[in-house]
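> In my numbering, the protein residues as written are 2 to 595.
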Amino acid sequence: MVLGPRVRAAVFGAVMGLGAIASMLLSFEMQSGVFFDLRATLVAVSGLLGGPLAGMLTGAIVAAYRLYVGGGGAIAGALGIAISTGLGLLGYALLKRRPPSTLATLLFALIATPSSMVSVLALPTQLWGHVLDALPPTLIIGVLATFLAIRVIVISQQRAEEAMLFMAAADLSPDYAYIKNPQGRFFMVNKAVATANGFERTFDMRGKTDFDILPPENAGKFFAEEQELLRTGVGTFDHEEMVPDNDGNERWFTTSKTPLYNPRGDALGLVGVTRDITRQKAIDKELLDSRDQLSFLLTEMSDGLALFDREGRITYCNEQYRSMFPLTAELRVPGASLPVILRAAISRGEQLGISLDGVDAWIDTVMSALRTGQDEEVHRYDGRWLHVRTKPLDSGKASVVVSDITTIKLAETELRGLTDQLRLLATTDTLTGLPNRRALDEYLAKEISRTARSGQPISLVMIDIDRFKAFNDIYGHPTGDVCLKIVAEALRRTDSRRTDLIARYGGEEFCAILPDTDEDGAYILAEKLRAAVRDLQLKHEGSEKGVVTISVGIASYDAPTADRNAATLLARADEALYIAKGAGRDRVIGWAGR
Numbered sequence: 002m003v004l005g006p007r008v009r010a011a012v013f014g015a016v017m018g019l020g021a022i023a024s025m026l027l028s029f030e031m032q033s034g035v036f037f038d039l040r041a042t043l044v045a046v047s048g049l050l051g052g053p054l055a056g057m058l059t060g061a062i063v064a065a066y067r068l069y070v071g072g073g074g075a076i077a078g079a080l081g082i083a084i085s086t087g088l089g090l091l092g093y094a095l096l097k098r099r100p101p102s103t104l105a106t107l108l109f110a111l112i113a114t115p116s117s118m119v120s121v122l123a124l125p126t127q128l129w130g131h132v133l134d135a136l137p138p139t140l141i142i143g144v145l146a147t148f149l150a151i152r153v154i155v156i157s158q159q160r161a162e163e164a165m166l167f168m169a170a171a172d173l174s175p176d177y178a179y180i181k182n183p184q185g186r187f188f189m190v191n192k193a194v195a196t197a198n199g200f201e202r203t204f205d206m207r208g209k210t211d212f213d214i215l216p217p218e219n220a221g222k223f224f225a226e227e228q229e230l231l232r233t234g235v236g237t238f239d240h241e242e243m244v245p246d247n248d249g250n251e252r253w254f255t256t257s258k259t260p261l262y263n264p265r266g267d268a269l270g271l272v273g274v275t276r277d278i279t280r281q282k283a284i285d286k287e288l289l290d291s292r293d294q295l296s297f298l299l300t301e302m303s304d305g306l307a308l309f310d311r312e313g314r315i316t317y318c319n320e321q322y323r324s325m326f327p328l329t330a331e332l333r334v335p336g337a338s339l340p341v342i343l344r345a346a347i348s349r350g351e352q353l354g355i356s357l358d359g360v361d362a363w364i365d366t367v368m369s370a371l372r373t374g375q376d377e378e379v380h381r382y383d384g385r386w387l388h389v390r391t392k393p394l395d396s397g398k399a400s401v402v403v404s405d406i407t408t409i410k411l412a413e414t415e416l417r418g419l420t421d422q423l424r425l426l427a428t429t430d431t432l433t434g435l436p437n438r439r440a441l442d443e444y445l446a447k448e449i450s451r452t453a454r455s456g457q458p459i460s461l462v463m464i465d466i467d468r469f470k471a472f473n474d475i476y477g478h479p480t481g482d483v484c485l486k487i488v489a490e491a492l493r494r495t496d497s498r499r500t501d502l503i504a505r506y507g508g509e510e511f512c513a514i515l516p517d518t519d520e521d522g523a524y525i526l527a528e529k530l531r532a533a534v535r536d537l538q539l540k541h542e543g544s545e546k547g548v549v550t551i552s553v554g555i556a557s558y559d560a561p562t563a564d565r566n567a568a569t570l571l572a573r574a575d576e577a578l579y580i581a582k583g584a585g586r587d588r589v590i591g592w593a594g595r
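1. Where G585 and G591 are concerned, what is the direct C-alpha to C-alpha distance, given to the nearest angstrom?
2. Does the distance from the CB of T237 to the CB of K258 come in under 8 Å?
3. In angstroms, rounded to a whole number, what distance separates the CA positions of A593 and T500?
4. Can you give the beta carbon distance from V553 to V483, rounded, assuming they're within the 8 Å contact cut?
5. From A178 to V155, what distance separates their C-alpha atoms?
6. Check this for me: beta carbons of Y322 and E351, under 8 Å apart or not?
7. Taking the straight line between their C-alpha atoms, what separation do you get for E490 and P561?
8. Determine the burial state of Y69: buried for a count of at least 16 other Cβ atoms within 10 Å of its Cβ, exposed for fewer.
9. With respect to the alpha helix (DSSP H) encompassing S450, which residues constitute its N-terminal and C-terminal limits?
10. Excluding five sequence neighbours on each side, which residues of the same chain lie with their C-beta closer than 8 Å to the C-beta of E378?
11. Pull the bridge partners of E631 from the DSSP assignment, please.
12. Grab me the residues of K529's own chain with a C-beta within less than 6 Å of its C-beta, minus the 5 sequence neighbours each way, in chain order.
13. The beta strand (DSSP E) spanning V402 covers which residue range?
14. According to DSSP, simplified to helix, strand and coil, what is T114?
15. What span of residues does the alpha helix (DSSP H) with L618 cover, start to end?
16. Check the DSSP bridge columns for Q352 and list the partner residues they point to.
17. According to DSSP, is F511 part of a helix, a strand, or is it coil?
18. Just to confirm the assignment, what range does the beta strand (DSSP E) spanning L306 have?
19. Does the separation of the CB atoms of R40 and A21 fall below 8 Å?
20. From this set, S396, R160 and L108, which residue's C-alpha is nearest L145's C-alpha?
21. Report the option in T429, Y524 and A412 whose CA atom is closest to the CA atom of I464.
22. How is the alpha helix (DSSP H) around T233 delimited, first residue to last?
23. Hey, how far is the Cα of P260 from the Cα of V274?
24. Per DSSP, which one or two residues make a beta bridge with Y177?
25. Name the DSSP bridge partner or partners of F212?
26. Of the choices I142, T59, T147 and V272, whose alpha-carbon is the least far from that of G234?
27. Buried or exposed: which applies to Y317, given that a residue is buried once 16 or more other Cβ atoms fall within 10 Å of its Cβ?
28. Let me know the secondary structure DSSP gives K540 once reduced to three states.
29. CB-CB under 8 Å to K398, same chain, minus the five flanking residues each way: which ones, in chain order?
30. Sort S497, D559 and R531 by Cα distance to D519 and report the nearest one.
31. So, using beta-carbon positions, are R485 and E509 closer together than 8 Å?
32. On the DSSP letters alone, give me the boundaries of the beta strand (DSSP E) that A370 sits inside.
33. So what does DSSP say about G1, is it helix, strand or coil?
34. Can you find a C-beta in chain D that's less than 8 Å from the C-beta of D176?
35. Among the candidates L343, S348 and H380, whose CA atom is the shortest distance from the CA of D365?
36. Ordered along the chain, which non-local residues of its own chain (more than five positions away) have a Cβ less than 8 Å from that of A197?
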C-alpha cells in the first residue's frame with residue numbers, strides 16, 4: 002500500500018514524537034522538575050525533514066507530555082520545544098524540501114541546539130545553578146545527537162529512494178529479475194516475474210519458494226543448483242535451458258545468477274536474471290534449416306567433370322562439363338589444351354570479370370591451380386554462376402569439378418534478404434514502424450560505450466503521450482492505435498541527425514537516443530518533438546489541453562563523465578518525465594538530480 006504525502010508526514014511526526022517521549026522517559030533529573038534528554042533533537046529533526054505537518058505534530062505531542070509531567074521546568078521545557086519546532090520548520094523552508102548536505106546538517110546542529118537551550122532563562126532563578134553548570138556537556142551532546150540523527154535519517158531516505166528507482170527500472174524490464182534469501186525464498190521480484198507466475202502484485206511473491214510455483218522436480222533442481230552456488234560462491238552466466246510450459250510447449254531461457262555475501266562472508270542470498278529466448282531460438286533454427294537446405298541442394302546437383310594431364314590437356318570430360326560452357330563447348334574435348342580453351346573463352350565473352358590486360362596472368366593462375374588446387378567462382382556471360390573446384394591428384398593429373406551454383410547464389414541472396422527481414426522484424430515495432438525496445442537497448446548500450454571511450458556527451462529523451470488511457474477510454478483502442486501511429490510519424494519526421502534513434506519504448510512511451518549531444522542540444526530537439534505532436538491538433542477531450550500532447554524528460558551524460566550506465570540514464574530520463582507530467586504535462590523537463 003502506497004501512503005500519500007500527508008499520511009507519511011503525519012506518521013513521521015507521530016513516530017518522532019513518541020521517540021522524544023521515550024527520550025524523556027529515559028532522562029535524568031538535574032533539579033526538581035528539570036530534566037536533561039534529547040527531546041529538542043527529535044523535535045527539530047522532525048520539522049527539518051518532515052515539514053510543517055510532521056514538525057507541528059511532533060512538537061504538540063512532546064509539549065503536551067512535558068506539561069503533563071509538570072515540575073518547575075515545565076514552562077521552560079515547553080518553550081524549548083516550541084523553539085526547536087520553529088527552528089526545524091525554518092530549516093525546512095530554507096532547504097525548499099531538498100535533503101540537507103553534511104555542511105548544512107552541521108550548521109543546523111550548531112544553531113538549533115544552543116537556540117533551544119535559551120529556554121533555560123524561563124526557569125526560576127533558584128534553579129539556574131546546577132543547570133548552567135551542566136549546559137556545556139549538554140550542548141555538546143545535543144549538537145552531536147542532532148547531527149547524527151539528521152544524517153542517519155537522510156541517508157536512510159536516500160537508500161530507500163534508490164531502492165524504489167531500482168525496482169521501478171526492473172519492473173520496466175521484460176526480463177525476469179529476482180532476489181532470493183539463502184533458504185530459496187523470494188525476497189524481491191520485478192513485475193515480469195510476478196505476472197509470469199500469476200500474481201497481481203510483486204509483493205505477493207515475497208516469502209514464496211520455487212516449490213510454491215513450479216512442479217516439484219523443477220523446483221528441486223533449481224533449489225539444489227542455487228544451494229551449490231551459495232556454497233561455492235561461483236555464479237552462473239547466460240546458462241541456457243529448456244523448460245516446458247503448462248501446455249507442454251518448449252520454452253527456452255538464459256539465466257544468470259550471482260550469490261551475495263556480507264563483509265563477514267555470510268551468504269545473504271542470490272540475485273538472478275532470466276531472459277526468455279524462445280523466439281531467438283526459433284529464428285536460429287530457421288536459419289540453420291535454411292543452411293541445411295542449401296547443403297542439400299549442393300549435394301543433389303549434377304556436376305561437370307574433367308581430367309587434365311600434367312601439360313594441361315583434357316584427358317576426359319563428361320557432357321555436363323561441356324554444357325556448362327556453351328560458347329566453347331566444341332573446344333572442350335579430350336586432347337584440347339587448357340590455355341587455348343581459356344583464351345577462346347575470353348575472346349568470345351563467355352566468362353565475365355577478366356580484364357583484357359590481365360589475361361596472361363589469369364591463365365598462369367589457372368594452370369598453377371592444376372598443381373596446387375583452387376576453388377573459383379565463374380560468372381558466365383548469361384548471368385549464371387559456376388563453381389570450379391580444381392584438385393591435384395597423386396598421379397600428377399588434376400580433376401576439375403564444375404557445379405552450376407546459380408540456384409545456390411539466388412538462395413544465398415534470398416537467405417540474406419530473409420535474414421535481414423527477420424532482423425528488421427526483431428528490432429521493429431509492428432504498430433508504429435519505429436525501432437522497438439530491443440533495438441533501443443542495443444543501440445543505447447553501444448553508444449554509451451562509444452561515447453565513454455571518445456569522451457563525447459550523450460543524451461536520452463523519454464516521451465509519453467499525455468492522458469493516453471483517457472484517450473483509449475473515450476475513442477477506443479483502435480483509434481488509440483491510430484493515434485500512436487500518427488504521433489510516431491510526427492516524431493520520425495522531426496529534424497534529427499542520422500545517428501539519432503527514435504524508438505517506441507512501450508505502450509504510449511517513446512525514446513530518443515542522441516549520441517554526441519549535450520543537454521542543451523537535447524532540449525532543442527525535445528522542444529521540436531513536443532511542438533511537432535502539439536501541432537498535429539489531434540482532438541483529445543480527455544485532456545486538459547484539448548488536443549494530444551506529450552511530456553518529455555531529458556537525461557544526459559556530459560563529456561567528462563566516464564562512468565556511464567544505460568539503466569541509470571533511462572531511470573533519470575524517466576524521473577524527469579515523471580516530473581514533467583506532474584508539472585502540468587505538455588512540457589520538457591531535464592533531470593535535475595546530482
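Virtual Cβ for every residue (Gly too), placed ideally from N, Cα, C.
So, from the listed chains and residues:
1. 15 Å
2. yes
3. 26 Å
4. The Cβ separation is near 22 Å, so there is no contact.
5. Approximately 28 Å, taken between the alpha carbons.
6. no
7. The straight-line gap separating the alpha-carbon atoms of E490 and P561 is approximately 35 Å.
8. exposed
9. R438 to S455
10. W386, L387, H388, V389 and I406
11. Past the edges of the chain, shown from 2 to 595, lies residue 631, and the structure says nothing about it.
12. T495
13. A399 to D405
14. helix
15. With the chain represented from 2 up to 595, any question about residue 618 goes unanswered, as that position is not in the structure.
16. R381
17. strand
18. G305 to F309
19. yes
20. Per the C-alpha coordinates, the member of S396, R160 and L108 positioned closest to L145 is L108.
21. Y524
22. P217 to T233
23. 12 Å
24. Within the DSSP secondary-structure output, Y177 pairs in a beta bridge with T275.
25. Note: F212 sits in no beta bridge, so no partner.
26. V272
27. exposed
28. strand
29. L308, F309, D310, R311 and T316
30. D559
31. Residue identity differs from the one stated: residue 485 is Leu in this sequence, not Arg. In contact: L485 and E509 (Cβ atoms closer than 8 Å).
32. Note, A370: premise wrong, no beta strand (DSSP E); alpha helix (DSSP H) at V360 to T373.
33. A question about residue 1 goes unanswered here, because the residues of the chain that appear run from 2 up to 595.
34. As a matter of chain content, chain D is missing from the structure shown, which is built from one protein chain.
35. Cα-wise, what sits closest to D365 is L343.
36. Y177
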